[in-house]
Amino acid sequence: MLPPITGRCLCGRTRYRATSTPLWQAFCHCESCRRATASPFTAFFGIRDGDWTWEGLAPSTYSSSSGVWRDFCPTCGTPMSYRSTRFPGETHFYAATLDHPETYVPTAHVHVAERLPWIHLNDGLTQYPSNTSE
Numbered sequence: 428m429l430p431p432i433t434g435r436c437l438c439g440r441t442r443y444r445a446t447s448t449p450l451w452q453a454f455c456h457c458e459s460c461r462r463a464t465a466s467p468f469t470a471f472f473g474i475r476d477g478d479w480t481w482e483g484l485a486p487s488t489y490s491s492s493s494g495v496w497r498d499f500c501p502t503c504g505t506p507m508s509y510r511s512t513r514f515p516g517e518t519h520f521y522a523a524t525l526d527h528p529e530t531y532v533p534t535a536h537v538h539v540a541e542r543l544p545w546i547h548l549n550d551g552l553t554q555y556p557s558n559t560s561e
């Protein structure tokens with residue numbers, strides 16, 4: 428993905444704009460992300476803090492666990508981003524919110540130890556049992 432990278436919620440009131448390329452792009456299979464999005468896994472990309480801004484209506488924030496914040500549109504409820512003390516200096520945006528999701532190219536699956544048993548991965552991407560640093 429090349430900047431500017433833009434995205435929005437379902438209703439369009441909460442938007443973001445990034446001015447740098449993603450630090451990484453990956454699918455997450457952890458239970459927390461599944462429950463937060465009501466999906467079997469989700470797609471994220473990380474942007475360095477300071478290289479992106481919210482536009483339009485600022486999101487609401489839910490502290491889903493110690494040191495973890497999930498941002499969502501206060502009007503339509505669309506999950507927009509994930510932040511954690513485990514990943515200082517970066518924010519993780521949901522790829523499905525991109526204005527041009529066809530530009531998203533994941534490189535790995537993380538937290539596959541928590542993958543649902545009915546999800547069968549055969550895309551050839553690297554699979555990490557937890558996150559890429561473990």
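Taking our numbering, the leading residue of the sequence shown gets 428, the next gets one more, and so forth. We put the CB at the ideal spot given by N, CA and C, even for glycine.
Where Ala523 sits in the DSSP three-state scheme: helix
Residue span of the alpha helix (DSSP H) that contains Ser459, given as start and end: Glu458 to Thr464
Helix, strand or coil at Val532 according to DSSP, with G and I counted as helix: coil
Status (buried if at least 16 other CB within 10 Å, exposed otherwise) for Leu552: exposed
Sequence-distant residues of the same chain with beta carbon closer than 8 Å to Leu548, five excluded per side: His536, Val539, Arg542 and Gln554
The segment 447-454 contacting the segment 491-500, beta-carbon criterion three pairs below 8 Å: no
Arg440 to Asp550 span [Cα, whole Å]: 34 Å
Residue range of the unbroken beta strand (DSSP E) whose run includes Glu372: This structure gives no information on residue 372, because the portion of the chain shown stretches from 428 to 561.
Top-ranked residue by Cα proximity to Phe472, from Ala523, Gly483 and Pro544: Ala523
Residues that DSSP places opposite Gly473 in a beta bridge: Trp451 and His519
Nearest residue (CA-CA) to Thr534, options Asn558, Phe454 and Met428: Phe454
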